[in-house]
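Contents: one structure, followed by commentary.
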Amino acid sequence: MRHVLGAKQFTRPEVEALFETSRTFEEKVKGGQVLDRLRGRIMATVFFEPSTRTRLSFEAAMLRLGGQVISTENAAQFSSAIKGETLEDSIRVIGAYADVIVLRHHEEGAAARAAAVSSVPVINAGDGPGEHPTQALLDLYAIYREKGRMDGLRVAMVGDLAYGRTVHSLAYLLSLFRDIHIDFVSPPETPVPDRVLAYLDERGTSWSRETDLARVAAQADVLYQTRIQKERFPSMEMYERAYGRYVLDPSLLARMRADAVILHPLPRAGEIDPAVDADPRAAYFRQAAGGLYVRMALLCQCLEDAGEAYPEGSEALSVLAMGTISIAEGKGTAKAQVKGGTPA
Numbered sequence: 013m014r015h016v017l018g019a020k021q022f023t024r025p026e027v028e029a030l031f032e033t034s035r036t037f038e039e040k041v042k043g044g045q046v047l048d049r050l051r052g053r054i055m056a057t058v059f060f061e062p063s064t065r066t067r068l069s070f071e072a073a074m075l076r077l078g079g080q081v082i083s084t085e086n087a088a089q090f091s092s093a094i095k096g097e098t099l100e101d102s103i104r105v106i107g108a109y110a111d112v113i114v115l116r117h118h119e120e121g122a123a124a125r126a127a128a129v130s131s132v133p134v135i136n137a138g139d140g141p142g143e144h145p146t147q148a149l150l151d152l153y154a155i156y157r158e159k160g161r162m163d164g165l166r167v168a169m170v171g172d173l174a175y176g177r178t179v180h181s182l183a184y185l186l187s188l189f190r191d192i193h194i195d196f197v198s199p200p201e202t203p204v205p206d207r208v209l210a211y212l213d214e215r216g217t218s219w220s221r222e223t224d225l226a227r228v229a230a231q232a233d234v235l236y237q238t239r240i241q242k243e244r245f246p247s248m249e250m251y252e253r254a255y256g257r258y259v260l261d262p263s264l265l266a267r268m269r270a271d272a273v274i275l276h277p278l279p280r281a282g283e284i285d286p287a288v289d290a291d292p293r294a295a296y297f298r299q300a301a302g303g304l305y306v307r308m309a310l311l312c313q314c315l316e317d318a319g320e321a322y323p324e325g326s327e328a329l330s331v332l333a334m335g336t337i338s339i340a341e342g343k344g345t346a347k348a349q350v351k352g353g354t355p356a
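This is the structure:
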């Protein structure tokens, strides 16, 4: 059984294979093809925190693959958690109803707790200020689609780097690639955690802490903006000190490279001026759209590893059966050498 709990669990070949699968699904969906790869399978989305993109894209992904969905959008209020049921007991029960569980929870480490007792794969859809691995995968997919490569990039991560779980997961994934430099730009109230920096050091990934966003933005291949997460601050006073410190507006945009890419995990809350939206470098809505295809690929991978997803003779892609996928720098193309599997 393969759970998706954190970005550190992925290898470069796995990420590249996943993206090739995502590209294939993107082509098929945009071409109007009806897929039934997961026909007869059920996904449970269990969200203890609010979500728009993550929950709906996972549910759309399952439906696009011919599967079905059962869901609780506000599990803290509309599940037996309000009666005092533990997360572990809820997962044991839900696992009897579904083939895969997508879990969002306000507590860091909740996904790992769920996986420890689950009879079906668990996918971490965000655990408090910890990680959000599937968001990081779609962020990296957006970088690949926009830049055509994942090596040799300078990435600026801006905003709430302390509570921003997407930042943590994306930094871990970027460390898989060559010649990466990450500039961390944040208010003093929301610095990137030391555990993230220590991991980058272990991987030999170059990084720096910065305060001058204008200077950093002028050098960045990718500017990854994040919101200041009001709901996670210990006090309103601390939040107000951090809010509005770094805003991407047309004046900052003018300093950026012509081939730069602007990403944001969304939702935004004032840190990107809507006037930026019309610029072709603003890729955050394309980024969100690509999440559908990445999550389709992940669902297939999880259920395939559970030994249930594909009947004999299926055309579906076996991610783990694939050989090397080479992503050419600057060309935005990928080529799979398949051993024992056929691309979907």
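Going by our numbering, the sequence shown wraps up at 356, each residue one higher than the last.
Heads up, the beta-carbon is just placed ideally off N, CA and C, and yes, glycines get one too.
It should be emphasised that the depicted structure is a prediction, and the values quoted were computed from it without experimental measurement.
Contact set for W219: own chain, Cβ-Cβ below 6 Å, skip 5 residues either direction: Taking the first residue of the sequence shown as 1, we reach residue 219 at position 207. Only I194 and L212 meet the Cβ criterion.
Given that a residue counts as buried once 16 or more other Cβ atoms are within 10 Å of its Cβ, and exposed if not, what is T248? To locate residue 248, count along the sequence shown from 1; it is residue 236. It is worth fixing the name first, because residue 248 is Met in this sequence and not Thr. The residue in question, M248, is exposed, as its Cβ has fewer than 16 Cβ neighbours within 10 Å.
Mind reading off the beta-carbon distance from R239 to A272? Whole number of angstroms is fine, and I expect it under 8 Å. Mapped onto the sequence shown, residue 239 falls at position 227. Mapped onto the sequence shown, residue 272 falls at position 260. In fact, because the Cβ distance is near 20 Å, the residues do not count as touching under 8 Å.
Exposed or buried, T36, counting other C-beta atoms within 10 Å across all chains shown (16 or more means buried)? Taking the sequence shown and counting its residues from 1, one reaches residue 36 at position 24. By the neighbour-count rule (16 or more Cβ atoms within 10 Å), T36 is buried.
Which residues in the same chain have their Cβ closer than 6 Å to the Cβ of E158, if we skip the five residues on either side of it in sequence? Taking the first residue of the sequence shown as 1, we reach residue 158 at position 146. If we look at E158 and ignore the five residues flanking it on each side, its Cβ neighbours are V273 and A295.
Does the structure place the segment 120–137 close enough to the segment 269–288 that three or more beta carbon pairs sit under 8 Å? no
Taking the Cβ atom as the reference point for each residue, do A123 and L17 lie within a distance shorter than 8 Å? In the sequence shown, residue 123 corresponds to position 111, counting from 1. In the sequence shown, residue 17 corresponds to position 5, counting from 1. Taking 8 Å as the Cβ cut-off, A123 and L17 qualify as a contacting pair.
What separation, rounded to the nearest whole angstrom, lies between the Cα atoms of I180 and R65? What you label residue 180 is simply residue 168 of the sequence shown in a count that begins at 1. What you label residue 65 is simply residue 53 of the sequence shown in a count that begins at 1. Here residue 180 turns out to be His, not Ile, going by the sequence shown. Approximately 19 Å, taken between the alpha carbons.
Which residue's Cα is closest to the Cα of A301: A126, F22, L47 and L150? Here the question's residue 301 lines up with position 289 in the sequence shown. Considering only alpha carbons, the answer is L150.
With respect to the alpha helix (DSSP H) encompassing D184, which residues constitute its N-terminal and C-terminal limits? The residue given as residue 184 occupies position 172 in the sequence shown. Here the sequence assigns Tyr to residue 184, which means Asp is not the residue at that position. Counting along the chain, the alpha helix (DSSP H) containing Y184 begins and ends at R177 to L186.
Classification of Q217 by the beta-carbon crowding that lies within 10 angstroms, buried from 16 upward: Taking the first residue of the sequence shown as position 1, residue 217 is located at position 205. Residue identity check: residue 217 is Thr in the sequence provided, not Gln. Answer is buried; the Cβ neighbour count reaches 16.
Report yes or no: do three or more beta-carbon pairs, one from the segment 45–54 and one from the segment 155–174, lie closer than 8 Å? no
Output the distance between the C-alpha atoms of V27 and T202, rounded to the nearest integer angstrom. Looking up residue 27 in the sequence shown gives position 15. Looking up residue 202 in the sequence shown gives position 190. Cα to Cα, V27 sits roughly 29 Å from T202.
Please identify the residue among F22, I54 and S198 whose C-alpha is closest to the C-alpha of A108. For the purposes of this step, residue 108 is taken as residue 96 along the sequence shown, with counting starting at 1. Out of F22, I54 and S198, I54 has the C-alpha closest to the C-alpha of A108.
In whole angstroms, give me the CA-to-CA distance for L77 and Q147. Start at 1 with the first residue of the sequence shown, and residue 77 comes out as number 65. Start at 1 with the first residue of the sequence shown, and residue 147 comes out as number 135. Each residue's Cα considered, the two are about 20 Å apart.
Whose C-beta lies closer than 7 Å to the C-beta of A19 among residues of the same chain, with five residues either side of it excluded? Taking the first residue of the sequence shown as position 1, residue 19 is located at position 7. Taken in chain order, the residues that qualify are E143, P145, A148, S181, Y184 and L185.
For K343, count neighbouring C-beta atoms within 10 Å of its own C-beta (all shown protein chains included) and say buried if the count is 16 or more, exposed if not. Counting from one through the sequence shown, the residue named residue 343 turns up at place 331. For K343, the pLDDT reaches just 35, beneath the cut-off of 50, and the residue's location in the model is therefore unreliable, leaving the point undetermined.
Since E71 and S63 are thought to touch, with beta carbons under 8 Å apart, how far apart are those beta carbons, to the nearest angstrom? As a first step, residue 71 must be located in the sequence shown, where it is residue number 59. As a first step, residue 63 must be located in the sequence shown, where it is residue number 51. Their Cβ separation, rounded to whole angstroms, is 10 Å, which puts E71 and S63 out of contact at 8 Å.
Along the chain, where does the alpha helix (DSSP H) that runs through F70 open and close? Here residue 70 is taken as the residue at index 58 of the sequence shown, counted from 1. From DSSP, the alpha helix (DSSP H) with F70 extends over R65 to R76.
State yes or no: is the C-beta of L260 within less than 8 Å of the C-beta of D285? Looking up residue 260 in the sequence shown gives position 248. Looking up residue 285 in the sequence shown gives position 273. A contact, by the Cβ cut-off of 8 Å.
Pull up the distance between the alpha-carbon of R257 and that of R24, whole angstroms please. Residue mapping note: residue 257 aligns to position 245 of the sequence shown, counting from 1. Residue mapping note: residue 24 aligns to position 12 of the sequence shown, counting from 1. When rounded, the distance between both Cα atoms is 35 Å.
Report the three-state DSSP secondary structure of D195 (helix, strand or coil). If you number the sequence shown from 1, residue 195 lands on position 183. If DSSP states are grouped into helix, strand and coil, D195 belongs with the strands.
E283 versus Y236: straight-line alpha-carbon distance, rounded: Start at 1 with the first residue of the sequence shown, and residue 283 comes out as number 271. Start at 1 with the first residue of the sequence shown, and residue 236 comes out as number 224. Distance between the alpha carbons of E283 and Y236 is about 11 Å.
What is the DSSP secondary structure of E222, counted as helix, strand or coil? Residue 222 sits at position 210 when you count from the first residue of the sequence shown. The answer is strand: DSSP assigns E222 an E or B state.
Assuming contact is defined by CB atoms lying nearer than 8 Å, are S69 and G303 in contact in what I supplied? One-based indexing of the sequence shown puts residue 69 at position 57. One-based indexing of the sequence shown puts residue 303 at position 291. Cβ atoms of S69 and G303: closer than 8 Å.
Considering only residues of the same chain and omitting the five flanking positions on each side of R298, which have a CB-CB separation below 7 Å? Translated into positions along the sequence shown, residue 298 becomes position 286. Cβ within range, chain order: A154.
Give the single residue among A226, S187, A309 and E61 whose Cα lies nearest to the Cα of H117. Here residue 117 is taken as the residue at index 105 of the sequence shown, counted from 1. Nearest option by C-alpha distance: E61.
For a test of the three-state rule: what should DSSP assign to Y258, helix, strand or coil? Position 246 of the sequence shown, counting from 1, holds the residue named residue 258. Y258: coil per DSSP, three-state reduction.
DSSP beta-bridge partners of Q80: The count along the sequence shown starts at 1 and reaches residue 80 at position 68. I54.
Suppose the cutoff is 7 Å on Cβ atoms and the five residues either side in sequence are ignored; what does the same chain contact list for L173 look like? Here residue 173 is taken as the residue at index 161 of the sequence shown, counted from 1. Closer than 7 Å at Cβ, skipping near neighbours: V179, F196, S198, T202, P203 and V204.
If you run the structure through DSSP and keep just helix, strand and coil, what is L173? As a first step, residue 173 is located in the sequence shown; it is residue number 161 there, counting from the start. Three-state result, L173: coil.
Leaving out five residues before and five after R104 in sequence, what residues of the same chain have Cβ atoms less than 7 Å from its Cβ? Within the sequence shown, the letter at position 92 stands for residue 104. For R104, where only same-chain residues beyond five positions count, the Cβ hits under 7 Å are V129.
Pick from E222, V288 and A229 that is closest to M268, judged by C-alpha positions: Sequence index remark: in the sequence shown, residue 268 carries index 256 (1-based). Per the Cα distances, A229.
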